[in-house]
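Under the UniProt record's numbering, think of the first position of the sequence shown as 1, with each following residue one higher.
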Amino acid sequence: MLRHILLGVGITLIVVALVLMGVNVAQPSFDNSKNRINNKRQTIIKEARKLGMAFPGENYQSGISLEQNIDLEKVISSLAKEKSKQSNSVKDHLREIIINIPQGMNGRQVAGLLVSKGLLKNKTKFIKTLNKFNIENKIMAGRYTFSSQASFIEILLVLIAPKEDIK
Numbered sequence: 001m002l003r004h005i006l007l008g009v010g011i012t013l014i015v016v017a018l019v020l021m022g023v024n025v026a027q028p029s030f031d032n033s034k035n036r037i038n039n040k041r042q043t044i045i046k047e048a049r050k051l052g053m054a055f056p057g058e059n060y061q062s063g064i065s066l067e068q069n070i071d072l073e074k075v076i077s078s079l080a081k082e083k084s085k086q087s088n089s090v091k092d093h094l095r096e097i098i099i100n101i102p103q104g105m106n107g108r109q110v111a112g113l114l115v116s117k118g119l120l121k122n123k124t125k126f127i128k129t130l131n132k133f134n135i136e137n138k139i140m141a142g143r144y145t146f147s148s149q150a151s152f153i154e155i156l157l158v159l160i161a162p163k164e165d166i167k
C-alpha cells in the first residue's frame, strides 16, 4: 500500500511539472528579470540626460582637442608679458628698504614706520609681540637695511640686536 501511495505522489509531481512547463506559469526566468531591470535603468538614464545630468568621465574624450588654433603673435606677446612679470618679481625680491630709527623712538612708533615702509602688514601683531617679550624699549637706534621680503622675525631680531653683532 505504501508503494502505491509513493507511486501516485511521484506520478502526480511529474504531471504537475509537465503542465507548468507547458503553460510557462513558473516564476519568471532570471534572464527575463535582468532584461527588465536593464530596460528600466536605461529609461532612467535617458530621462536623467534629458534633464541635464552628466555622468563623470563621459565627456572626457570629447573635451580633449589635440588641434588648437594658435596665433604666433599671441604666444610671443604672452611670453613677453610673463618674462616681464618674472623680472619685476625678481626686482621686487632684491629691492632693499632702508630705515632710520632715531634715538628715543618707542616700539609703537617703530611699528608705524615699518608699516609705512611696507615691511610689515600688521602693526598690532608687531606691538603685541614686543609687549609679550617685554622688548618694546630694547629696539636699537640706527640705520637698518632690509630686503623687501624680510620676515617678521628677521626684522624683529635685527632691531633688538646690538649694532656690533649686525653685519
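For each residue, glycine too, the CB sits at the ideal point set by N, CA and C. Every value quoted in this text rests on a predicted model; they were computed, and no experiment measured them.
TODO: Output yes or no for whether 7 Å exceeds the beta carbon distance between P154 and G107.
DONE: According to the sequence as given, residue 154 is Glu; it is not Pro. No.
Task: Own chain, CB closer than 7 Å to L156, minus 5 neighbours either side, in chain order - done: T129
Open item on the list: Bridge partners for E96 per DSSP, in chain order?
Closed with: S147
TODO: From the DSSP output, read off the bridge partner residues of G142.
DONE: I101
TODO: Under 8 Å by Cβ, that's how I've got I76 and Y144 pegged, so tell me the actual separation to the nearest angstrom.
DONE: Not really, about 43 Å apart at Cβ, beyond 8 Å.
Task: Under the three-state DSSP convention, the category R17 falls into - done: Going by the sequence as given, residue 17 is Ala instead of Arg. DSSP places A17 in helix when its eight states are reduced to three.
Task: Through-space distance from M53 to G112, alpha-carbon basis - done: 57 Å
TODO: Kindly indicate which three-state DSSP category E136 falls into: helix, strand or coil?
DONE: coil
Task: Backbone CA spacing between V16 and K50 [nearest angstrom] - done: Taking the Cα positions, V16 is about 49 Å away from K50.
Open item on the list: Taking the beta carbon of F146 as the centre, do at least 16 other beta carbons fall within 10 Å, making it buried, or is it exposed?
Closed with: buried
Open item on the list: Helix, strand or coil for G52? Go by DSSP, reduced to three states.
Closed with: coil
Open item on the list: Are the CB atoms of K125 and I160 within a distance shorter than 7 Å?
Closed with: no
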